[in-house]
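Numbering of the sequence shown is given in our numbering, commencing with residue 2 and proceeding in unit increments. We put the CB at the ideal spot given by N, CA and C, even for glycine. Just below is one structure, and these are the notes that go with it.
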Amino acid sequence: MVFIGCHLSVVNGYEAMGKQMKDFGGNTFSWFTRNPRGGKAKDIVAEDAEALRDLLKKEKFGKLVAHGSYTMNLCSANLSTRANGVDMFQNDLKRMEMVPDQYYNFHPGAHTGQGVEKGIEQIAEGINKGLRPEMHTTVLLETMAGKGSEMGSSFEELREIIDRVEFSEKIGVCFDTCHVWDAGYDIVNDLDRVLNRFDEVIGLDRLKAVHFNDSKNECGSHKDRHEKLGQGMIGMDAMKRIAMHPVLSGLPFILETPNDDEGYKSEIAIVKGWF
Ligand code: FE
Ligand code: FE
Ligand code: ZN
C-alpha cells in the first residue's frame with residue numbers, strides 16, 4: 002500500500018482534483034492554496050469541499066498536502082512583504098478548515114540578508130500568529146535546497162523553527178527528495194544515515210509527507226531543479242529505495258516532476274508497481 006499522487010491545479014475546484022487523481026491512478030495530491038505567485042485567494046465553495054471530503058473517504062485517499070504560495074515569505078527583511086506573508090498564512094489556514102485533517106506545506110522563507118537567527122525567529126513568529134489550537138490542519142515546513150538566503154536547507158534550522166512553535170503537535174516536515182539532495186544530504190549512497198540524522202535532529206515523528214522528485218543537479222548544488230523520476234542525478238534505484246524505505250511507509254508521496262498528465266500517470270504507475 003502506498004499513497005502516491007502529484008501536484009494538481011485547483012482551477013476546476015476541489016472535487017475535480019479528487020476525480021482527476023482517481024483517473025491518474027493515484028490516491029493523494031497537492032495543490033496551491035492560491036496563485037503560486039501570490040494574489041487574493043479564491044473562496045472555497047462549501048458543497049465542493051464536502052464533495053471532495055466524500056471522495057477522499059470513499060476512495061480511501063491518504064492525506065493531502067496543500068502548498069502555500071511561493072511569494073509568502075515569513076522572514077523577509079521587507080516589513081510589508083513579511084506582514085503580507087503572515088496574512089496569506091492565516092487566511093490559507095482558515096480556508097484549509099473546509100478540508101480538515103490534511104497537511105499544509107510551505108517554504109519556510111528566505112531571510113534576505115537578515116541572517117539565519119532572525120529568519121528562524123520570524124518564521125516561528127509568523128506560524129504562531131496563524132496557528133490556532135482549534136484548527137485541524139498540520140503545518141509542514143518543506144526541506145529546502147538552500148538557494149540564496151533560503152531557510153530550511155538543514156535539519157538543524159528546521160528543528161530550531163519547530164522548537165519555537167507554540168502548538169507543537171500541529172507542526173511537521175515535508176521531505177523534498179530533490180531539495181534534500183541539492184542541500185547536500187546524500188540520499189543515494191547514504192539514505193539510512195540521512196534518515197538517522199533526521200531522526201536525531203528533528204525526530205521521525207515529525208516527518209509527515211514526501212515530495213518525490215529526482216534532481217537535475219548534483220548533491221550539494223543548492224540549485225532546486227526537479228527532474229522526472231529516474232532521469233536525474235538521484236536515479237531510479239535510489240528513488241525506489243526511498244519510496245520503499247520502512248521509515249517512510251504510509252506517508253503521502255507527491256510528485257512535483259516536470260511532466261504532463263500522461264507523464265504523471267506513468268510515474269504513479271511506476272511507484273505503485275514497486276509495491
Ligand atoms: Fe515546494
Ligand atoms: Fe517540493
Ligand atoms: Zn523545488
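Assuming Tyr104 contacts Leu65 (C-beta within less than 8 Å), just tell me the rounded distance between them.
Rounded, the Cβ-Cβ distance is 7 Å, consistent with contact.
Ligand 1: which residues have Cβ under 6 Å from any of its heavy atoms, chain order?
Listed by chain position, these are His68, His108 and Glu143.
Just list the beta strand (DSSP E) runs in the region 117 to 148, keeping only unbroken ones of 3 residues or longer that don't cross its boundaries, in chain order.
Here the runs fully enclosed are 139 to 143.
State buried or exposed for Val1, treating a residue as buried only when at least 16 other CB atoms are found within 10 Å of its CB.
Look at the range of the chain in this structure, 2 to 276, and you will see that residue 1 is not part of it.
Does the distance from the CB of Ser31 to the CB of Ile269 come in under 7 Å?
Contact: no.
Whose C-beta lies closer than 6 Å to the C-beta of His68 among residues of the same chain, with five residues either side of it excluded?
Within the same chain, His68 has close Cβ partners Ser31, Phe33 and Asn106.
Tell me whether Arg83 is buried or exposed, calling it buried when 16 or more other Cβ atoms sit within 10 Å of its Cβ.
Classification for Arg83: buried.
Quick test of your reading: Ser70 and Met89, contact by CB under 8 Å. State the CB separation rounded to the nearest angstrom.
Sure, about 6 Å apart at Cβ, within 8 Å.
With a threshold of 6 Å on Cβ separation, who are the neighbours of Gly27 within its own chain once the five nearest residues in sequence on each side are excluded?
Taken in chain order, the residues that qualify are Ile5, Gly6 and Ile269.
Which residue wins for smallest C-alpha separation from Val140, given the options Ile124, Ser150 and Gly149?
With distances taken between Cα atoms, Val140 lies closest to Ile124.
Given that a residue counts as buried once 16 or more other Cβ atoms are within 10 Å of its Cβ, and exposed if not, what is Lys59?
With fewer than 16 Cβ atoms within 10 Å of its Cβ, Lys59 is classed as exposed.
Which residues in the same chain as Glu158 place their Cβ atom closer than 7 Å to its Cβ, once the five residues preceding and following it in sequence are excluded?
Val117, Ile121 and Met152, listed in sequence order.
Is the beta carbon of Leu94 less than 7 Å from the beta carbon of Thr138?
Cβ atoms of Leu94 and Thr138: closer than 7 Å.
Going by the CB atoms, is the gap between His223 and Asp183 shorter than 7 Å?
Yes, they are a contact pair.
I'd like to confirm something about Asp183: is its beta-carbon nearer than 6 Å to some heavy atom of ligand 3, or not?
Because no heavy atom of ligand 3 lies under 6 Å away, the Cβ of Asp183 does not count as near it: no.
Can you look up Asp261 in the DSSP assignment and give me helix, strand or coil?
DSSP places Asp261 in coil when its eight states are reduced to three.
Is Met240 closer than 7 Å to Leu230 when the C-beta atoms are compared?
Result yes, Cβ atoms of Leu230 and Met240 sit closer than 7 Å.
Once the 5 residues before and after Arg198 are set aside, which same chain residues still bring their CB inside 7 Å of it?
Hits under 7 Å: Phe156.
With a Cβ-Cβ cutoff of 7 Å, do Ala146 and His180 count as a contact?
Closer than 7 Å, so yes.
Between Val166, Asp49, Lys61 and Leu9, which has its C-alpha nearest Pro109's C-alpha?
Nearest of Val166, Asp49, Lys61 and Leu9 to Pro109, Cα basis: Val166.
Going by DSSP, which residues form a beta bridge with Cys7?
Per DSSP, Phe30 and Leu256.
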